[in-house]
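Asker:
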Amino acid sequence: MTVRYIKLAAVCAVLILGLLSIVSAQQQRAQQSQSQGSEATPMQRIEIMRSRLNAMRRSLDSAIATLNAQDSGQQQQRSNQQRSASDDPRERLRGLEKEVGSVLSEVNDIGGKVERSERFDHSRLDQLETSVTDLNTRVDAALVATAGARSAAASNSTASATPQKKKKKGRFFGLLGGGGGDDRYSDLTGTAAPGRDRELFETATREVRRGRYEQGRLLYQTIVTTYPDSPFLPLAKLAIADSFYLEGTTSALIQATAAYQDWLTFFPTDPLADRVMLKMAEADMRQMGLADRDISRARKAEQRLKALLQQFPQTQLRPSVMEHLYQVQESLGMHNLQVARFYVGRQEHGHGGLKGAQDRLREILQKYPNFSYMDEVLMRLGTLYMEEEEPDEAAKYFQQLVRDYPSSEYLQKAREQLQLIGAQIPEPDPIRRQMPVPQRPGTMENLYRQITGIADVDVDKNGVIISHDSHATDDLIDLALRNNGQLPSNIATPVRTAPYRPVVPQQQQNQQPANDQQRTGGTSIRVGSQQGPVPSSLNPSVTPPPPTVPQTRPQPQQTPPTSTVVPAPSPTPSSTPPGS
22 MTVRYIKLAA
32 VCAVLILGLL
42 SIVSAQQQRA
52 QQSQSQGSEA
62 TPMQRIEIMR
72 SRLNAMRRSL
82 DSAIATLNAQ
92 DSGQQQQRSN
102 QQRSASDDPR
112 ERLRGLEKEV
122 GSVLSEVNDI
132 GGKVERSERF
142 DHSRLDQLET
152 SVTDLNTRVD
162 AALVATAGAR
172 SAAASNSTAS
182 ATPQKKKKKG
192 RFFGLLGGGG
202 GDDRYSDLTG
212 TAAPGRDREL
222 FETATREVRR
232 GRYEQGRLLY
242 QTIVTTYPDS
252 PFLPLAKLAI
262 ADSFYLEGTT
272 SALIQATAAY
282 QDWLTFFPTD
292 PLADRVMLKM
302 AEADMRQMGL
312 ADRDISRARK
322 AEQRLKALLQ
332 QFPQTQLRPS
342 VMEHLYQVQE
352 SLGMHNLQVA
362 RFYVGRQEHG
372 HGGLKGAQDR
382 LREILQKYPN
392 FSYMDEVLMR
402 LGTLYMEEEE
412 PDEAAKYFQQ
422 LVRDYPSSEY
432 LQKAREQLQL
442 IGAQIPEPDP
452 IRRQMPVPQR
462 PGTMENLYRQ
472 ITGIADVDVD
482 KNGVIISHDS
492 HATDDLIDLA
502 LRNNGQLPSN
512 IATPVRTAPY
522 RPVVPQQQQN
532 QQPANDQQRT
542 GGTSIRVGSQ
552 QGPVPSSLNP
562 SVTPPPPTVP
572 QTRPQPQQTP
582 PTSTVVPAPS
592 PTPSSTPPGS
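So the mapping is simple: this note's numbering equals the position in the sequence shown, first residue as 1, plus 21.
1. Taking Cβ positions, are D263 and I512 nearer each other than 8 Å?
2. Would you mind sorting Y469 into buried or exposed? The rule is 16 or more other CB atoms within 10 Å of its CB.
3. In whole angstroms, what separates the C-alpha of Q331 from that of Q445?
4. Do you know offhand how far G484's Cα is from L267's?
5. Quick one: residues in its chain with C-beta nearer than 7 Å to the C-beta of D295, no 5 flanking neighbours on either side, listed in chain order?
6. Measuring CB to CB, does L402 end up less than 8 Å from Y418?
7. Taking the alpha carbon of A257 as the reference point, which residue from G269, R381, L149 and F288 has its own alpha carbon closest?
8. Are there 16 or more other CB atoms within 10 angstroms of the CB of G232, so buried, or fewer, so exposed?
9. Which residues in the same chain have their Cβ closer than 8 Å to the Cβ of K269, if we skip the five residues on either side of it in sequence?
10. Quick check: the Cα distance between I37 and L74, rounded to an integer number of angstroms?
11. Please confirm whether L114 and T167 have their CB atoms less than 8 Å apart.
12. Check T270 in the structure and name its three-state DSSP category.
13. Would you give the residue range spanned by the alpha helix (DSSP H) that M407 belongs to?
14. Considering only the alpha carbon of each residue, which of I475, P449, E448 and T154 lies closest to G314?
15. Enumerate in chain order the residues of its own chain whose CB-to-CB distance from F253 is below 7 Å, with the five nearest sequence positions on each side excluded.
16. For S83 and T210, which I take to be in contact (beta-carbon distance under 8 Å), what is that distance rounded to the nearest angstrom?
17. Beta-carbon within less than 7 Å of G371's beta-carbon, same chain only, minus the 5 sequence neighbours each way: which residues are those?
18. Mapping DSSP to helix, strand and coil, what is K189?
19. Taking C-beta to C-beta, are A602 and I275 nearer than 8 Å?
20. Among residues of its own chain, excluding the 5 on either side of P459, which ones have a beta-carbon nearer than 6 Å to its beta-carbon?
21. DSSP three-state label for N504, please.
22. Give me the Cβ distance between V135 and I67, rounded to the nearest whole Å; I'm assuming they're in contact under 8 Å.
23. For the candidate residues A214, A416 and D142, whose alpha-carbon lies nearest to that of Y248?
24. Let me know if I472 comes out buried or exposed under the rule of 16 or more other beta-carbons within 10 Å of its beta-carbon.
25. Looking at C-alpha atoms only, which residue of Q350, D499 and E409 is the closest neighbour of Q387?
26. Between R461 and D477, what straight-line distance do the alpha-carbon atoms span, to the nearest angstrom?
27. Could you tell me which of R140, Y364 and Q438 sits nearest to E410, measuring between CA atoms?
28. Which same chain residues end up closer than 6 Å to Q379 when comparing Cβ atoms and leaving out the 5 residues on each side of it in sequence?
29. Is N157 helix, strand or coil by DSSP?
30. If you count every other CB in all the chains shown that lies within 10 Å of the CB of N357, and 16 or more means buried, which is it?
31. Can you tell me the Cα-Cα spacing of D305 and G116, whole angstroms?
32. Anyone know if the C-beta pair for Y281 and M309 falls short of 8 Å?
33. Secondary structure at E384, three-state DSSP: helix, strand or coil?
34. Considering only C-alpha positions, which residue in the set S272, A361, P340 and I261 is nearest to L299?
35. Quick check on A225: does DSSP put it in helix, strand or coil?
36. Kindly list the residues whose CB is nearer than 6 Å to the CB of I385, restricted to its own chain and excluding five residues on each side of it in sequence; keep chain order.
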């Protein structure tokens, strides 16, 4: 029996040590990424640059091949009419191709150093990213400028050249393999013809649904650079962003956010603008880590969701936005609570940290009133004020805990503290007594999250106009194809509200609501509804008021009333309190 216990203890020790090593490695990677001041790791940034440069190289190769096709059909004509190299579109495209190859070589060189864990200049990554962005702009401009020449060259070559059969490559005895490689779509990407944009759009959509994201993006990009007047151009740019989002890797999600933002810059009044903003927030949520690690993605997602509510207060996506906002704020609240626990531990060992813990706990009270661990927040705040010998301030938090959280594990301790202070013990709120206890993760779920490092959020992994279903026929992109690139008329254009500071009457400012809409800052979410979190109000002030704790706890209502949403001027959160 003793031997069996010893074996069991040894197995448990090995599992715990392995778990600790995994968690430590993940935390070190997160801290390294955060210390470099970038949203992505160096390897992720390199992969993004490689992807963009390879896409530019393929587009340039296809355009140059189209112009070279004119040589075989018009050699005699070109000998009589020689053009200078400066006016030749091929020379312009070849020059850009050389630049792309040079930058790609530098990117691959740094990528090799990262893979070998060698030292390199991190500022060089910023310079290369700037070079890639500038080069991408010039490549797109050159492709658009040479679209006419490529169309003329393709038509002349087709009229003069004799048709030749191309030998298929890549098959084994004609049975296996796809064959053809990039030549499969050379006719589509190399020639410009009326109606070719629709064919490109259909083929690209089919490729993306099959999981061939690179090929699909190349075809979509051909529409953008070759058919600037095509009715499919807005949806082609949006489909490029959707392809990154559907791909789902970290580097792809970062590129999806940038592509969505680029689309919003060109089409800010499009009927799909609110959906695109929501998808940007969901891309950040899919990259969120646990609350005890880097929370930059959670803060970014919160900013995007608040911006969506401010710019489109009447959007039909409001229930989904509020549900996402609740999940993101739950993660941010847990981060502050864990930091407060750390400061309390330092205080208990005589190393200070009391003020830092109080700041974090008060921030939870002000910004995240529906935090599932609010009873612990109130108990810790009251205990900290008791240590500062401020019983009157501590009694407010103990009374709020007794009144609003009758099922809390801290209820008896709060009652004892109130008796010790000599303060009145309030009766539990009857509505709160009937509300279900918040669901909290168990031991195994916490263990799984620590191993995977994935936050508990629920987001839609389909794109704005394309879904993961390869057999779908009712996506927005399918409806647009039936309408020749136009969205259906039943998609209402969301009303955009410009950020501004509303003038609130003095009487309304002094009025104190008696329901659950009372807030001190940020966006509030009403709980208790059958449809999940429901919005109540947006605070119009840019900077929240000084950290003050309300005297009484707002009483939640079972039937949420209709509330008027006041748009806030900016999605930027309040200044970070000390200790962050």
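In this text, a Cβ means the ideal position worked out from N, Cα and C, and glycines have one as well.
Answerer: Quick look at the numbers:
1. Inclusion of D263 and I512 in the CB contact set at 8 Å is not warranted, their separation being larger than that value.
2. exposed
3. 42 Å
4. 6 Å
5. L329, F333, T336, L338 and P515
6. yes
7. With respect to the C-alpha of A257, the residue from G269, R381, L149 and F288 having the closest C-alpha is F288.
8. exposed
9. Correcting the residue type first, residue 269 is Gly in the shown sequence and not Lys. Excluding sequence neighbours, G269 sits near R307 and K482.
10. 44 Å
11. yes
12. Coil, per DSSP.
13. M395 to E408
14. Per the sequence shown, residue 314 should be read as Arg rather than Gly. Taking only the C-alpha atoms, the option nearest R314 is I475.
15. D218, R219, F222, I244 and G506
16. 4 Å
17. none
18. For K189, the predicted structure reports a pLDDT of 47, less than 50, and the residue's modelled location is therefore unreliable. A value from the coordinates is still provided. The answer is coil: DSSP assigns K189 none of H, G, I, E or B.
19. Here the chain covers residues 22 to 601 and nothing more, so residue 602 does not appear.
20. S393
21. coil
22. 6 Å
23. A214
24. exposed
25. Q350
26. 11 Å
27. Q438
28. For Q379, where only same-chain residues beyond five positions count, the Cβ hits under 6 Å are L405.
29. helix
30. buried
31. So the two alpha carbons sit approximately 37 Å from each other.
32. no
33. E384 sits in a helix when the DSSP states are folded into three classes.
34. Its Cα nearest to that of L299, the residue P340 stands out among S272, A361, P340 and I261.
35. Here A225 sits in helix by DSSP.
36. G354, N357, F392 and V398
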